[in-house]
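Per the working numbering: the sequence shown = residues 4 to 152.
All C-beta atoms, glycine included, are put in the ideal place defined by N, C-alpha and C.
Have a look at the structure below, then the notes.
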Amino acid sequence: MLKKFFQAFRPPQTEHLPDPDAELALGALMVRVAQADRDYKLEEISLIDRILARLYQHNAIEAAKVRATCEKLHAAAPDTDTFGKLIRETTDLNERLAALDALWEVVLADGDTDEGEVKIVEEARVAMGLSFNDSKSARERVQSRLEAH
Numbered sequence: 004m005l006k007k008f009f010q011a012f013r014p015p016q017t018e019h020l021p022d023p024d025a026e027l028a029l030g031a032l033m034v035r036v037a038q039a040d041r042d043y044k045l046e047e048i049s050l051i052d053r054i055l056a057r058l059y060q061h062n063a064i065e066a067a068k069v070r071a072t073c074e075k076l077h078a079a080a081p082d083t084d085t086f087g088k089l090i091r092e093t094t095d096l097n098e099r100l101a102a103l104d105a106l107w108e109v110v111l112a113d114g115d116t117d118e119g120e121v122k123i124v125e126e127a128r129v130a131m132g133l134s135f136n137d138s139k140s141a142r143e144r145v146q147s148r149l150e151a152h
């Protein structure tokens, strides 16, 4: 009886998550990159929101809701490759390159490039069917934008 009493105050264990589309897959990858160094900062959360808003034309509240869903997907998530393959199979080359830029933007945001973050980006890059040169160019583009600000 006591067990049932305590379970009544716990959130349900089986929360239904949506099937990821390219947007949710990219968001989950950005969350995965941001959390790779075990230091998920407010700045990274805000950046992910801004990227989602920019790429998918969301207002701030919609972007935050999408990111929150992405955090849950990441926590329950399949491998990095699964998200990357989903992006590859459902988007064109320009969208995949924009996704790669977004991942590098999260990696480089705090000025401290963590090896775990780079590993996730590289796994995602391969799964998205992009080349090493695509990744190198994306990193350079993002770095240039960050230095310009």
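Have a look at residue 72 and residue 27 and give me their C-alpha separation to the nearest angstrom. 8 Å
For the stretch 52-59 against the stretch 125-132, are there 3 or more C-beta pairs whose distance is under 8 Å? no
What three-state label does DSSP hand residue 44 in the structure shown? coil
Would you mind sorting residue 19 into buried or exposed? The rule is 16 or more other CB atoms within 10 Å of its CB. exposed
Cutting at 6 Å between CB atoms, please list the residues of its own chain near residue 77, excluding the five before and the five after it. 31, 34 and 35
Is it true that the CB of residue 47 sits closer than 8 Å to the CB of residue 104? no
Whose CA, out of 107, 152 and 139, lies closest to the CA of residue 29? 107
Since I believe residue 119 is in contact with residue 39 (beta carbons under 8 Å), could you give me their beta-carbon distance rounded to a whole number of angstroms? 4 Å
Run through the stretch 40-89 for me and flag every whole alpha helix (DSSP H) of 4 or more residues, listed as ranges in chain order. 45-59 and 63-78
So, for residue 63: in the same chain, excluding its five sequence neighbours on each side, which residues have a beta-carbon less than 8 Å away from its beta-carbon? 52 and 56
Assigned exposure category for residue 150 - 16 Cβ within 10 Å defines buried: exposed
Contact check, residue 93 vs residue 25, beta carbons under 8 Å: yes
So what does DSSP say about residue 137, is it helix, strand or coil? helix
Got a sec? Which residues, its chain only, sit under 6 Å from residue 21 by beta carbon, not counting five neighbours each side? none
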